[in-house]
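Asker: Take the sequence shown: its letter number 395 is residue 395 in the UniProt record's numbering, and every next letter is one higher.
Cβ coordinates follow ideal geometry from the N, Cα and C atoms, glycine included.
Because the structure is a prediction, the values reported are computed rather than measured.
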Amino acid sequence: MSSSRTPSSAEYSTLEAENRALREEVAQLKEQPAAERAQKQERFRTVFENSPLGQKIITPDLVIRQANQALATMLGFESGKDLVGRRILEFAHPDHIADWQKLQERLWAHKEPSFTLETCLVHQNGSSFWCRITSVLFPDDGAELGYTTLEDIAERKSLEISHRRLYDAQETILHLAAHDLQSPINNLQMLIELLRLEPAVQAAAGNDQKTIQELLTLMERSCEAANVLLKDVLYLGQIEADRLEKHRTDLGAYLDERLTLFRVAAQEKGIELVLELPAESIHANIHADKFGRILDNLLTNAFKFTPTGGKIQVRLQQHDGHVRLIVQDTGLGIPEDLQPHVFDKFTAASRPGLYGDTTTGLGLFITKQIVELHEGKIWLESQEHQGTTFFIDLS
Numbered sequence: 001m002s003s004s005r006t007p008s009s010a011e012y013s014t015l016e017a018e019n020r021a022l023r024e025e026v027a028q029l030k031e032q033p034a035a036e037r038a039q040k041q042e043r044f045r046t047v048f049e050n051s052p053l054g055q056k057i058i059t060p061d062l063v064i065r066q067a068n069q070a071l072a073t074m075l076g077f078e079s080g081k082d083l084v085g086r087r088i089l090e091f092a093h094p095d096h097i098a099d100w101q102k103l104q105e106r107l108w109a110h111k112e113p114s115f116t117l118e119t120c121l122v123h124q125n126g127s128s129f130w131c132r133i134t135s136v137l138f139p140d141d142g143a144e145l146g147y148t149t150l151e152d153i154a155e156r157k158s159l160e161i162s163h164r165r166l167y168d169a170q171e172t173i174l175h176l177a178a179h180d181l182q183s184p185i186n187n188l189q190m191l192i193e194l195l196r197l198e199p200a201v202q203a204a205a206g207n208d209q210k211t212i213q214e215l216l217t218l219m220e221r222s223c224e225a226a227n228v229l230l231k232d233v234l235y236l237g238q239i240e241a242d243r244l245e246k247h248r249t250d251l252g253a254y255l256d257e258r259l260t261l262f263r264v265a266a267q268e269k270g271i272e273l274v275l276e277l278p279a280e281s282i283h284a285n286i287h288a289d290k291f292g293r294i295l296d297n298l299l300t301n302a303f304k305f306t307p308t309g310g311k312i313q314v315r316l317q318q319h320d321g322h323v324r325l326i327v328q329d330t331g332l333g334i335p336e337d338l339q340p341h342v343f344d345k346f347t348a349a350s351r352p353g354l355y356g357d358t359t360t361g362l363g364l365f366i367t368k369q370i371v372e373l374h375e376g377k378i379w380l381e382s383q384e385h386q387g388t389t390f391f392i393d394l395s
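#1: Would you report the Cα separation of residue 262 and residue 292, rounded to the nearest angstrom?
#2: On the DSSP bridge list, what partners appear for residue 313?
#3: Pick out whichever of 216, 273 and 289 has its Cα sitting closest to the Cα of residue 246.
#4: I'd like to confirm the pairing. Which residues does DSSP put opposite residue 143 in its beta bridges?
#5: Report all residues from its chain with a CB closer than 8 Å to the CB of residue 308; omit the five preceding and five following residues, and keep chain order.
#6: If you run the structure through DSSP and keep just helix, strand and coil, what is residue 390?
#7: Taking only heavy atoms of the ligand NAP into account, decide whether any of them is closer than 8 Å to the Cβ of residue 193.
#8: What does DSSP give as the partner residues of residue 323 in its beta bridges?
#9: Would residue 151 and residue 120 qualify as a contact pair, given that the criterion is a beta-carbon distance under 9 Å?
#10: Between the Cα of residue 69 and the Cα atoms of 82, 157, 391 and 123, which residue gives the shortest distance?
#11: Go to residue 250, then tell me how far its beta strand (DSSP E) extends in each direction, as first and last residue.
#12: To the nearest angstrom, report how far apart residue 143 and residue 62 are at their CA atoms.
#13: Helix, strand or coil for residue 6, going by three-state DSSP, please let me know.
#14: Using the C-alpha atoms, what's the distance from residue 364 back to residue 251?
#15: To the nearest angstrom, report how far apart residue 136 and residue 67 are at their CA atoms.
#16: In the DSSP output, what is residue 398 paired with across the bridge?
#17: To the nearest angstrom, report how far apart residue 257 and residue 390 are at their CA atoms.
#18: Pairing CB atoms from the segment 277-285 with CB atoms from the segment 317-326, are three or more of them under 8 Å?
#19: Can you pull the DSSP bridge partners for residue 284?
#20: Taking C-alpha atoms, which residue in 329, 159, 331 and 368 lies nearest to residue 341?
#21: By DSSP, does residue 132 sit in helix, in strand, or in coil?
#22: Which term fits residue 382, buried or exposed, when burial requires 16 or more other beta carbons within 10 angstroms of its beta carbon?
#23: In this structure, what does DSSP give as the bridge partners for residue 56?
#24: How should residue 138 be labelled, buried or exposed, when 16 other C-beta atoms within 10 angstroms of its C-beta is the threshold for buried?
#25: Assign residue 329 to one of two classes, buried (16 or more other C-beta atoms within 10 Å of its C-beta) or exposed (fewer than that).
#26: Under a Cβ-count criterion, where at least 16 other Cβ atoms within 10 Å of its own Cβ denotes burial, should residue 72 be classed as buried or exposed?
#27: Under 9 Å between the Cβ atoms of residue 122 and residue 93?
#28: Determine the burial state of residue 294: buried for a count of at least 16 other Cβ atoms within 10 Å of its Cβ, exposed for fewer.
#29: Once you ignore the five residues that flank residue 313 on each side, which residues in its own chain have a CB closer than 6 Å to its CB?
#30: How far does the alpha helix (DSSP H) with residue 372 in it reach, from first residue to last?
#31: Any idea if residue 388 is buried or exposed, counting beta-carbon neighbours within 10 angstroms, 16 or more meaning buried?
#32: Who pairs with residue 122 in a beta bridge, going by DSSP?
#33: Have a look at residue 305 and residue 89 and give me their C-alpha separation to the nearest angstrom.
#34: Out of 111, 163 and 386, which one is the CA nearest neighbour of residue 334?
#35: Give the straight-line distance between the Cα atoms of residue 156 and residue 162, rounded to the nearest whole angstrom.
Put into structure tokens, the structure is as follows:
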């Protein structure tokens, strides 16, 4: 049998010193990565918090684990801490929830290392804005989290929308020029051919100059129809491409001045034109020229369908916190089946007036576009043979 020897006190001291040195070395090895980690985390925290872009870290179920001040500001909150624990879907626009579901699928289901999309978020005050989202996966204590950057692209999107509207307006102009101008031009060509046969025409009419005058009148009307259509088409392209610069305006004084020419027309046609204004002035932010087009279109429409002896009223009111403009006539009214289509582009509800007035079917569509550019709304009430009332509400 072998016997074990008990270490001497000196040997114990040496062993203890070696163990102590080993523990210190291990501790240093442990502390070094921790210090490096802490340093890296501090650098990350500084970049994360001070970034001008929205930054967040989300879990696979789209819960916000961390958010910076820029993101909080974008969404209308005081601090990124206000967003922690909430799902990003709470701030997604209802029409764009699928964008986040797609991001979730691409990152965590398909394991794509990064994913970029453009989507729409909703501010705490209810307004929406476009942003570009870039997300990357990264490991964290056994879990896979998403590091997401959000860039506000509202200005770029606004330019894209303006360019798209301008392009659509140009397409509209080309479509109308090719289609709707065809009829008056064909009429002109036909009438010109008849005038070339003037001797035959005069012979058929018994040398009656009245026939020639009738042909010339028809030519004049065809030219007028083409001219009116061109003006409406060009104006449509203009309003769809423009942004409004609005100014505070006394609407009562504005309406009174705008009705000056229509008062002359009312006298000529034997129609009563009445302007009703409240005792106190009402002001609103409008683009004077374009808002004038609203009134011109509605009154022109009223005169077209109101017979002699009829009445047209223009009323200005305050109603439930809105400015309300009302244009009412005692004319022919609009058939019920046509009313839903009155504001359509190229509307089938377009009809000739009582006095043979030229119409393009674009007037009320243009009116609606201008009202919406003023952040207002327009609607109508009408009964056949009793008249029509148009309502406009402005904020």
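Answerer: Answer, in terms of the structure:
#1: 12 Å
#2: 274 and 328
#3: 289
#4: 140
#5: 269, 270 and 271
#6: strand
#7: Because no ligand of any kind appears in the structure shown, any question about the ligand NAP cannot be addressed here.
#8: 318 and 394
#9: no
#10: 82
#11: 247-250
#12: 13 Å
#13: Confidence in residue 6 is poor, its pLDDT being 47 and thus under 50, which makes the residue's placement unreliable; the coordinate value appears in the next sentence. Three-state result, residue 6: coil.
#14: 21 Å
#15: 15 Å
#16: It is not possible to answer for residue 398, since the shown part of the chain is limited to 1 through 395.
#17: 20 Å
#18: yes
#19: 249
#20: 368
#21: strand
#22: buried
#23: 67 and 148
#24: exposed
#25: buried
#26: buried
#27: yes
#28: buried
#29: 274 and 328
#30: 363-373
#31: buried
#32: 128
#33: 52 Å
#34: 386
#35: 10 Å
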